[in-house]
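Undergrad:
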Amino acid sequence: MESSNEMGWGEQRTSRPMHAIPRKPVKSTNFRYDVINNSDEPRGAVSIDDIWRPREEGNAGSDFDSGVNATKTSSESQTSPHDEGEHVRDSLLKSTTTVAAGDESDKKDSVDRTATWRPTWLRPLVLVWFASLFLFLSMALAVMLWYSQTNRGLFETRQSILHTYLWRFGPTALLTILAIFWARVEVQAMMYMPWIALRSNPNLRESDVVLDYTSMFSPLVLTRSFRHKHYFVLLVALVSVILKAQIVLAPSLYSLATIKVAQTVDILFQDSFELELTPESEYGADTSAYYMARAQHDFDMVYPYGVAEDVAYQTFTVGSHPGRGTVNNPVTATVDGFFAEIQCVKLVHYSILEQRNSTSQPSLTIVVTVELRFDGCEQPFIITSPSISRPDRGKNTTFWLLQPDSKVSQACSGLPQRVPSFLYFTAMFEPQEKNLTLVEFRTAAAVICEPHAWVSKVQVTDDGAKPTVTILSDERRTLVTANFWTMLNSSIPSSLGRWNSGGAQWLDGPVRADLLFRSQSLDVGLPNVFTNEILQESVQNLTRRLAPFIGNYRLRRNDAVQGSGTSLQSVGRLTINPKICLSMIALFIVNTGIAVFVLWHYHQHTSVWHRDPATHLGNLIFLRDHPDVASRTTEIKDASETWKHHTFTPLVLKMTSRGSFCLFTILLASSLILTLRVSETSDGLATIDNEGYLHLMWTSFPAIIALGVSLYISSCDWAYRDLATLYRLSRATCNSHELDRSLLDMLGLRALYYSFRYRLWSVTFSQSLAFVCGLLTSLVSIIFTVEVIPGSTSTHFQQKTWFQPRVNGSYDEAYGIKQTMISSLWIRREEANLTYPDNTFDDLAFHAVESIDDLDPSKNLSVTITTPAAKVEPQCIEMTEDKYTITYRNYTEDGKTWYYANINEKFMCPGGVKYVNFTKEFPIGQANLWNRSYIAGKMDTTTDPKTIDFPCKLNNTSPTNFTTTTQKTYAWGAFEVEKGTLSFFTVWRCNYSWYEIDTEVNLVFADGRLVIDMEKPPQPDMSSMRLLDPPLDLPPYEATSTRFGNGELYPEISLPSGPGLGVQEYFTPLVKPYGTLDLAAFGDRGQRTDVLRHIHHNYAFSAAQLANTENRRTISADSGPMPPPVLEATLYDNGRRRLVQNPNVTYAVVGILGAVILFNIWALASAFIQRRGGDGRLLDMDVRGLAPDGIHSIASVVGLLRESNAAAHLPPSPEMLSSDELHGQMAGLSFRLGWFRRERDQTRHFTIGVMGDGDFNFMGVRRSVKKTLEATSSQESVMT
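Residue numbering for the sequence shown is 1 to 1280, as defined by the UniProt record's numbering.
This is the structure in structure tokens:
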């Protein structure tokens, strides 16, 4: 506790004569010092025991002698024989003091005063704490590394500046605080090492007495301590270096990784599968399954939700809302899955049992009875064919038959026999050579197949785009009793392969349906068609392709049930960098070993004092008790002259150092401002291709620079605090408390408190900046981050195709097949994600462009290009009611009334030759059952040359005239039974033509090539629409007759019998569930635009897709004299990782650097003013010439204090006193640093002296005395 009479800086103290100094009364204890006789030893030879003995009583000469004599006891104290050879340690070191107490006897009692004082930060408990902390941190890092690698991170967090700062700043801050505390250990180790060496080394050398580690930089400390074998300092300083290295590594210790974590969520099962259906439902002609399967097969369309390859599954949503999983957060659930398969046995033997003329046409047809034997069937099958053509010479007759399960009665052990089976038979007959009226087998094939379907559990992971299905093994199968094969046949459009059980002479059954499904054409006359393998393959192909869609559209029923599943949530987890972590673990283990070794080996070396020997008061006490050390040190190295004449300034405080550092800091702050501006205007500073360990460049490297700034400020603060006491002594008197206190040996906050209390503003500012700069390293570690910022560059693409009319304007079989393929895309498009063919999107067809060879497909690149697109657009007008007439008719049969509406249009043929009537009849059905029915269809167009060619006998045979433009007439309305008329009816006549529209298209890489980005649809600029030149041919609505289907442009869809019976083929794809319109839309005047828009879109869509394959031509030298067009484009790097500078952190860092710059400018300005004689309390601490280099060395201490008068004023035996007692007895003393004059010999000495001593008068500080002497010398020169 400090004395209450301690005075502030600049306050005057009234000094008392030294004989009148009040001291605290000492107990009745007599002190005795051993007499040391050095007469037999040569001068200069000092033994270790001599060093630690008090001075000889008979010695005289200096004030230190006077001080010792002042503490000598009366003549009552005698030297006893048994005390010879004993020596008493000084008041700072261990001593054994003999105490004589008692008023009536000479009893002597020896009390062992063992020294227990140690430097605070060198105590064993402190070192144990550090060793334990180092060990704990190494173990904690090891556990965190194991946990991070085992659990894919430490814990969940999120990407934000706050969280990023925490996991980068946290380790840095912890290590910075740890380094600050260990710096106290380092400071005290360096400060007390000369005194430890003085104790242990019997011979004093110059290198020992001039040693001062506190004035050295870290590299020099390491080398000097190693050279002097001061391993204590070496090891402690090495730990400091390691901690600084760990501070640099700490910002890269943790990183944020995004991982998927499974969490339980509530889900809602939306449906289930029917296991049994009524016969009406099994035979229902719903072709959705076929067309959706066809679209998926032909156009690689993504499966609709609820369907996957080979399986249909229950659909579900997350919670009670209709939300599904997402790509980032997929949802997994175990649901029912619908499966179907078919097993077959093959024909092994066949023969004709009987053949006879048919009864109906005996001259033209015959009836054949055959016997078929199958592998795995015990009994033969007898089949009688219907009438087949009688074979003529050289002609073969074919026969196809599929007997349903109701006619296959024999059981086959080669089949599972769980459900009824069917027989599929085909044969080719040829005339017998001996009798041409009879036939024989040329070849035959047959299979008996058993289809069966079941429901079992599957695991579905729904990502909202393309769910994945995992089949679970060993799950129970629940058999579906509904006739799967009947549903499959009824799902096939009649024109695309639906068969019957009556048999046929032409290609029929699954083979025909399979060929049409795959858009293939095989000649039925080829013998390889009539094989068991072809039949079995066709049956299995249809089952595999259609079964999942049949389960989805025919067996699914709506019934919501609650359940649970798991959701993969994208979460950010804090991960640990293995290499950085292992490095830090190794360094912590090294630190632990060093701390343990220092504790074990050096703990006794730090407990040899009773009082701190390194403060100025401790120095004075030591030199008073050991004048021989002072004498020997002076002989080795006399530093007194250095104190008198030096002009030393610590390196970091020199004007050149400050100026250079100030310039560096200004450049650093300016660079940060400049890079921030570049970062904000250029979307970052640089592109980072592959991070790896490159992130050390923008985390640890800036941290190194920031650490350098922080170290410089800390060095300035070190120098200021080291010189603070001397500076205060040079400016004002100080008491013993202040003389026994060192700001260098204090923690930062305590030093800041005393600097403010003593008004040492340089220390206050430097200490405050040191605190703030401690945050600089951690702040700079997050100033740069990597963000994904798309970048763009201009480029160009060369057009390599264009659109031209077909050379042959007729519509062939191949064209009709493509029309049928495209028609499958008209229905249920909202349920699936269509992958459009290359260079098309919906109803737009684009020119193909050449890709740039140097683009890297592995990168997340995209291209935006504006290119002309071909598109069919209509020009429509609504016909007025006077252009047509409406009539109605109905008839009643079996109590049911059927209604019809007839629309008639009368027009004059070209040339005014004659009038022609076009009539369209719409079946309305039993409208009385629903009160309202709807009609919709296409009518003949009187302005279409192809339509009027025959009735008007125009004899126009050029098909090209009919293809470049086409006219269509659409009509729809609603029939009211109560009124018996159409309550709403509208007719529209539309003219379709090809147009060219400038369209912005986004391209992305897929499978190494550029394709249209489906997530960013093309954006046509309708204002740029112009007629396409040359115009292309348009697809016809009418059927194009082919051997493998009707070639219709529209899909074959039948609405259920009801109010939509009158909606015909052109409009059925628009009605739910196939389209998006309700039936009521055909009776709503306000939805006329919607109906037209949908019908136009379907036609334009088919036209664009057909033009893509039929009208696309490659641009070559024969295409014309003009070079291929060049299209300007913009290339985007969407995965570009840019190094971005954080503005908020930058402002904080620049603010700190600004404070550093102002501090140094203030110091430079103060130095400039002080060199010109200025002075003031608001100026920086003037340290030039305040103390020489190495002020804590023994030589420097002796040089400063050897001639001081303080020894005569110190209380005797301070080891017997507590700090409060010591300072209490010295309460009246005040000290100054400067020139003193000893009156008895008129000598001047630069030292720390006691004020108010008449024999040792204070002359002034060194600089003022120097000026006075120079002025006096100048006056004497003038006088002479």
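Just so you know, even glycine gets a beta-carbon here, dropped at the ideal spot from N, CA and C.
As the structure is a prediction and not an experimental result, all values here were calculated from the model.
Got a sec? Which residues, its chain only, sit under 8 Å from T606 by beta carbon, not counting five neighbours each side?
TA: Result list for T606: R118, P119, L122, R123, Y192, I196, in chain order.
Undergrad: For F1067, which beta-bridge partners are listed by DSSP?
TA: In DSSP, F1067 forms no bridge with anything.
Undergrad: Taking contact to mean 3 or more Cβ pairs, one atom from each stretch, closer than 8 Å, check whether the region 529-547 and the region 464-474 are in contact.
TA: Not touching, per the Cβ criterion.
Undergrad: Taking the beta carbon of R476 as the centre, do at least 16 other beta carbons fall within 10 Å, making it buried, or is it exposed?
TA: It counts as exposed.
Undergrad: Would you mind stating whether L1032 and A1107 have Cβ atoms separated by less than 8 Å?
TA: Yes, these two residues count as a Cβ contact at 8 Å.
Undergrad: Can you name the residues that DSSP bridges to P627?
TA: P627 is not bridged to any residue.
Undergrad: Using 8 Å as the Cβ pair cut-off and three pairs as the minimum, do the region 169-184 and the region 727-744 touch?
TA: No contact exists between the region 169-184 and the region 727-744.
Undergrad: Checking the sheet assignment: what are the DSSP bridge partners for V786?
TA: L1139, per the DSSP bridge assignment.
Undergrad: Identify every residue that forms a DSSP beta bridge with H452.
TA: Answer is E341.
Undergrad: Alpha carbons only, please: which of I997, Y992, S993, A974 is nearest the one belonging to T986?
TA: If we check each option's Cα against that of T986, A974 comes out closest.
Undergrad: Under the rule that 16 or more other beta-carbon atoms within 10 Å means buried, what is N591, buried or exposed?
TA: With 16 or more Cβ atoms within 10 Å of its Cβ, N591 is classed as buried.
Undergrad: What is the C-beta distance between Q875 and C990, in whole angstroms, given that I count them as a contact (C-beta under 8 Å)?
TA: About 7 Å; that satisfies the 8 Å criterion.
Undergrad: Candidates Y553, D310, V863, N619: which alpha carbon is nearest E1000's?
TA: It is V863 whose Cα lies nearest to the Cα of E1000.
Undergrad: Measuring only the C-alpha atoms, how far is L249 from I580?
TA: Cα to Cα, the separation comes out at about 7 Å.
Undergrad: Give the range of the beta strand (DSSP E) segment to which G551 is assigned.
TA: Here G551 belongs to no beta strand (DSSP E); instead the alpha helix (DSSP H) covers 532-553.
Undergrad: Is the region 778-790 in contact with the region 712-726, if contact means three or more CB pairs nearer than 8 Å?
TA: No: the two stretches stay apart, fewer than three of their Cβ pairs being nearer than 8 Å.
Undergrad: So, is residue 1282 buried or exposed, given that buried needs 16 or more other C-beta atoms within 10 angstroms?
TA: The chain is shown from 1 up to 1280; residue 1282 falls before or after that span and cannot be answered.
Undergrad: Mind the definition here: the region 451-460 touches the region 477-490 only if three or more C-beta pairs lie below 8 Å; say whether that holds.
TA: A contact exists between the region 451-460 and the region 477-490.
Undergrad: Helix, strand or coil for E86, going by three-state DSSP, please let me know.
TA: At E86, the pLDDT of 35 sits below 50, so the modelled position is not reliable; the number obtained from the coordinates is stated separately. E86: coil per DSSP, three-state reduction.
Undergrad: When you compare only the Cα positions, how much space is there between E1052 and P493?
TA: About 6 Å.
Undergrad: Hey, which unbroken runs of the alpha helix (DSSP H) at 4 residues or more fall wholly within the region 194-227?
TA: With a minimum length of 4 residues, the continuous alpha helix (DSSP H) runs that stay inside the region 194-227 are 206-209, 218-227.
Undergrad: Which runs of the alpha helix (DSSP H) fall wholly inside the region 1060-1111 and span at least 4 residues, in chain order?
TA: Listed in chain order, the complete alpha helix (DSSP H) runs (minimum 4 residues) inside the region 1060-1111 are 1088-1110.
Undergrad: Could you check if V348 is buried or exposed, using at least 16 other CB atoms within 10 Å of its CB as the buried criterion?
TA: Burial call: exposed.
Undergrad: Measuring only the C-alpha atoms, how far is E893 from F1067?
TA: Near 28 Å, if we compare the C-alpha coordinates of F1067 and E893.
Undergrad: Can you tell me whether D40 is buried or exposed? The criterion is at least 16 other CB atoms within 10 Å of its CB, across all chains shown.
TA: Confidence at D40 is low in this model, with a pLDDT of 37, below 50, so the placement of that residue should be treated as unreliable; the coordinate-derived value is given next. Classification for D40: exposed.
Undergrad: Relative to the alpha-carbon of L235, which residue among S1219, S200, A183, D212 has its alpha-carbon at the smallest distance?
TA: Of the listed residues, the one whose Cα sits closest to L235 is A183.
Undergrad: Contact check, S306 vs Y313 under 8 Å by CB: the rounded distance?
TA: The question names Ser, but residue 306 is Gly in the sequence shown. Right, the Cβ-Cβ distance comes to about 6 Å (below 8 Å), so this counts as a contact.
Undergrad: Spell out the partners DSSP gives Y995 in its beta bridges.
TA: Per DSSP, K871, L1027.
Undergrad: Determine whether the beta carbon atoms of L1200 and W643 lie at a separation below 8 Å.
TA: Taking 8 Å as the Cβ cut-off, L1200 and W643 qualify as a contacting pair.
Undergrad: Buried or exposed: K107, going by 16 or more other Cβ atoms within 10 Å of its Cβ?
TA: Residue placement at K107 cannot be trusted, given a pLDDT of 36 that sits under 50; what the coordinates show is reported in the next sentence. So K107 ends up on the exposed side.
Undergrad: Residues bridged to P431 by DSSP?
TA: According to DSSP, which records beta bridges pairwise, P431 is partnered with V439.
Undergrad: Hey, would you say I247 sits closer than 8 Å to L175, going by beta carbons?
TA: For I247 and L175, yes; Cβs fall inside 8 Å.
Undergrad: Who are the Cβ neighbours of R1085 in its own chain at under 8 Å, not counting the five residues just before and after it?
TA: The answer, listed in chain order, is F984, T986.
Undergrad: How close, in whole Å, do the beta carbons of I865 and L1127 come, if the pair is a contact with beta carbons under 8 Å?
TA: Contact holds; Cβ gap of about 6 Å.
Undergrad: Taking L954 as the reference, which of K914, K920, W930 has the closest Cα?
TA: Out of K914, K920, W930, K914 has the C-alpha closest to the C-alpha of L954.
Undergrad: DSSP three-state call for Q767: helix, strand or coil?
TA: Correct three-state label for Q767: helix.
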